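Protein sequence lines, in the order shown, are assigned to chains A and B.
At position 233 of the first sequence the residue is numbered 232 (numbering that gives the first Met the number 0), and the sequence of numbers has no breaks.
At position 194 of the second sequence the residue is numbered 193 (numbering that gives the first Met the number 0), and the sequence of numbers has no breaks.
By construction, the Cβ of each residue, glycine as well, lies at the ideal position given by its N, Cα and C atoms.
For clarity, every value in this text was computed on a predicted model and none was experimentally measured.
2 protein chains.
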Amino acid sequence: MYRLFYWPEIQGRGEFIRLALEYAGADYVDVLRTRNGKFIATKKFTPFAPPYLVAGKEVIAQTANILQYLGPRLRLAPRREAGRRWANQLQLTIADWLAEVHDTHHPIGPGLYYEQQRREARRRAADFLATRLPKYLDYFEGVLRRSGGPWLLGKTLAYPDLSLFQMVAGLRFAFPKTMTRLEKHYPRTGLLHKRVAAQPRLARYLGSQRRISFNQQGIFRHYPELDRIGNNSEKT
Amino acid sequence: MYRLFYWPEIQGRGEFIRLALEYAGADYVDVLRTRNGKFIATKKFTPFAPPYLVAGKEVIAQTANILQYLGPRLRLAPRREAGRRWANQLQLTIADWLAEVHDTHHPIGPGLYYEQQRREARRRAADFLATRLPKYLDYFEGVLRRSGGPWLLGKTLAYPDLSLFQMVAGLRFAFPKTMTRLEKHYPRTGLLHKRVAAQPRLARYLGSQRRISFNQQGIFRHYPELDRIGNNSEKT
Chain A
0 MYRLFYWPEI QGRGEFIRLA LEYAGADYVD VLRTRNGKFI ATKKFTPFAP PYLVAGKEVI
60 AQTANILQYL GPRLRLAPRR EAGRRWANQL QLTIADWLAE VHDTHHPIGP GLYYEQQRRE
120 ARRRAADFLA TRLPKYLDYF EGVLRRSGGP WLLGKTLAYP DLSLFQMVAG LRFAFPKTMT
180 RLEKHYPRTG LLHKRVAAQP RLARYLGSQR RISFNQQGIF RHYPELDRIG NNSEKT
Chain B
0 MYRLFYWPEI QGRGEFIRLA LEYAGADYVD VLRTRNGKFI ATKKFTPFAP PYLVAGKEVI
60 AQTANILQYL GPRLRLAPRR EAGRRWANQL QLTIADWLAE VHDTHHPIGP GLYYEQQRRE
120 ARRRAADFLA TRLPKYLDYF EGVLRRSGGP WLLGKTLAYP DLSLFQMVAG LRFAFPKTMT
180 RLEKHYPRTG LLHKRVAAQP RLARYLGSQR RISFNQQGIF RHYPELDRIG NNSEKT
């Protein structure tokens, strides 16, 4: 049995782990969401930050590292080492992308409120939507084109597919106007999102109480004033 | 023979790979630094961005992914899987830290010049130096304390040690005043830096022309106006 430790009020980074566990029907406890569940102190393998997974005596942190551990165990990774490295490479690129999404509403620092960095957030979000978001979408659309589809690695679903699904879901919540405009250029990515959501176990999970709703405490947040390309009018 | 592809004018993320290759005395070519060397187009395992390493038919991108591949091959990783995951976890935490360093001078976007985001950079750097930098230094000092030293994983040097060395070196270049003030609280980290620099092959590398100097195009940049704790005076 796996024990996942992550903030109980948000999807956040933990959701990338939850999706893999739920897709596979794994035996796990989302510890902080149980009565009296709390983070545990660890002496060995001490994490810098949640999420972390406890598996036997091992404490595994960093989202991509956890997924790399779970991948083969949940039949969500290729069998060969080169394929696993490619899955990890894609996952780490998603991690970079996610950090940039976070910084659209927290460009100055995670310890300050959004309201304390709203002006900077407008500039950062504008740059993200105009340059970075298309760059990442182009990249993953290209990977899907070259793989032959329907999944990033080809014919078999792997854990980065679940994470790309989550990116699309989160971006649609955070930037609905921009995504509506951009998504027509990324049909394979949109189709991947749809196919992941239709996987039977995941469909049940996504429709259940276990799936925390997107909200204004998570990584993906919807601030209408940030969902505009071209509001980077403030020149220096 | 390994072929490394990375920007030839900067240390950047590529330096974390160079340090591992140099420490181990590996047979490699830093392709862009050779005459007429350039990035190659790749069809399989296409990277989102440099650095990437070509090893046989495989193209491996993402710094932590490359180091995870090289680790066992260069005797820079533990033998057991749990230890390798711990090394990877530390490396990914360093990657997060490095991204935050980058954003001190580019808080709005990588496509804009520093001069276009100088005001925001002052706020971001102030927050980084006051809250984030001590948090990361505390963390790694704690890892060194718990490991028993002298290295992050205990008695044997592994690739995250080389990367922590690089973080200290870069931070001293970028934020000399702040580091002078902070470092006395992190004796183990300072000692690790010193010990890495004294490894014979690395000492030769660091004193050679192969080691690119820190400069104002890299990730670690020295802008004196950013090297001040407490200049986050601009309230919103």
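Can you check whether the C-beta of G148(A) is within less than 8 Å of a C-beta belonging to chain B?
Start at 1 with the first residue of the first sequence, and residue 148(A) comes out as number 149. Not closer than 8 Å to any Cβ of chain B, the Cβ of G148(A) fails to qualify, so no.
Label F139(A) either buried or exposed according to how many other C-beta atoms from any shown protein chain fall within 10 Å of its C-beta, with 16 as the threshold for buried.
On the first sequence, position 140 is the one that residue 139(A) refers to. F139(A) should be labelled buried.
Contacting residues, own chain, Cβ-Cβ under 6 Å from R84(A) (five flanking each side not counted):
Here the question's residue 84(A) lines up with position 85 in the first sequence. So the list is empty, once near-sequence residues are dropped.
Touch test, the region 30-40 of chain B against the region 120-128 of chain B, Cβ-Cβ under 8 Å, three pairs minimum:
no
By the three-class DSSP mapping on this structure, what secondary structure does R2(B) have?
Looking up residue 2(B) in the second sequence gives position 3. If DSSP states are grouped into helix, strand and coil, R2(B) belongs with the strands.
For G55(B), tell me which candidate among N87(B), Y158(B) and M0(B) has the shortest Cα-Cα distance.
The sequence position of residue 55(B) within the second sequence is 56, counting from 1. With distances taken between Cα atoms, G55(B) lies closest to M0(B).
From S232(A) to R144(A), what distance separates their C-alpha atoms?
Mapped onto the first sequence, residue 232(A) falls at position 233. Mapped onto the first sequence, residue 144(A) falls at position 145. Its pLDDT being 43, under 50, S232(A) is placed unreliably by the model, and the measurement read from it follows with that caveat. Straight-line Cα distance between these residues: approximately 35 Å.
Quick one: what's L170(A) bridged to in DSSP?
The count along the first sequence starts at 1 and reaches residue 170(A) at position 171. In DSSP, L170(A) forms no bridge with anything.
Give, in chain order, every unbroken run of the beta strand (DSSP E) that is at least 3 residues long and sits entirely within the region 76-108 of chain A.
none
Less than 8 Å between the C-beta atoms of Y204(A) and E21(A), yes or no?
The residue labelled residue 204(A) in the question sits at position 205 within the first sequence. The residue labelled residue 21(A) in the question sits at position 22 within the first sequence. Their beta carbons are under 8 Å apart, which means Y204(A) touches E21(A) by this criterion.
Can you give me the C-alpha to C-alpha distance between F164(B) and G147(A), rounded to a whole angstrom?
For the purposes of this step, residue 164(B) is taken as residue 165 along the second sequence, with counting starting at 1. For the purposes of this step, residue 147(A) is taken as residue 148 along the first sequence, with counting starting at 1. One C-alpha to the other measures close to 42 Å.
Taking only runs that begin and end inside the region 7-91 of chain B, name each unbroken beta strand (DSSP E) of 3 or more residues, in chain order.
27-29, 51-54 and 57-60
If the cut-off is 9 Å on Cβ atoms, which residues from the region 191-223 of chain A count as contacting chain B, listed in chain order?
none
On the premise that W96(A) lies in contact with M166(A), defined as a C-beta separation below 8 Å, what is that separation, rounded to the nearest angstrom?
In the first sequence, counting from the first residue as 1, residue 166(A) sits at position 167. In the first sequence, counting from the first residue as 1, residue 96(A) sits at position 97. 6 Å between Cβ atoms; contact.
Using 8 Å as the limit for Cβ to Cβ distance, is T39(B) near chain A?
Residue numbering aside, residue 39(B) sits at position 40 when the second sequence is read from its first letter. According to the sequence displayed, residue 39(B) carries Ile and not Thr. Cβ-Cβ to chain A under 8 Å: no for I39(B).
I'd like to confirm the pairing. Which residues does DSSP put opposite G153(A) in its beta bridges?
In the first sequence, the residue the question calls residue 153(A) occupies position 154. Beta-bridge pairing links G153(A) to W150(A).
Check the C-beta distance from A120(A) over to L91(A) and give it rounded, since I have them as a contact under 8 Å.
As a first step, residue 120(A) is located in the first sequence; it is residue number 121 there, counting from the start. As a first step, residue 91(A) is located in the first sequence; it is residue number 92 there, counting from the start. Not a contact, Cβ separation roughly 25 Å.
Pair within 8 Å by beta-carbon distance, P46(A) and I93(A):
As a position in the first sequence, residue 46(A) is number 47, starting the count at 1. As a position in the first sequence, residue 93(A) is number 94, starting the count at 1. The answer is no: Cβ separation not under 8 Å.
Which same chain residues, not among the five before or five after D239(B), have their C-beta less than 8 Å away from its C-beta?
Here chain B comprises residues numbered 0 to 235, so residue 239(B) is not present and cannot be evaluated.
Residue range of the unbroken alpha helix (DSSP H) whose run includes A202(B):
Your numbering for residue 202(B) matches position 203 in the second sequence. Segment P199 to L205, the alpha helix (DSSP H) holding A202(B).
Which listed residue (L170(A), I218(A) and A157(A)) has its alpha carbon closest to that of A23(A)
Here residue 23(A) is taken as the residue at index 24 of the first sequence, counted from 1. Nearest option by C-alpha distance: A157(A).
Less than 8 Å separating the beta-carbons of L176(A) and D226(A)?
As a working note, residue 176(A) is residue 177 in the first sequence. As a working note, residue 226(A) is residue 227 in the first sequence. Here the sequence assigns Lys to residue 176(A), which means Leu is not the residue at that position. Yes. Within cutoff.
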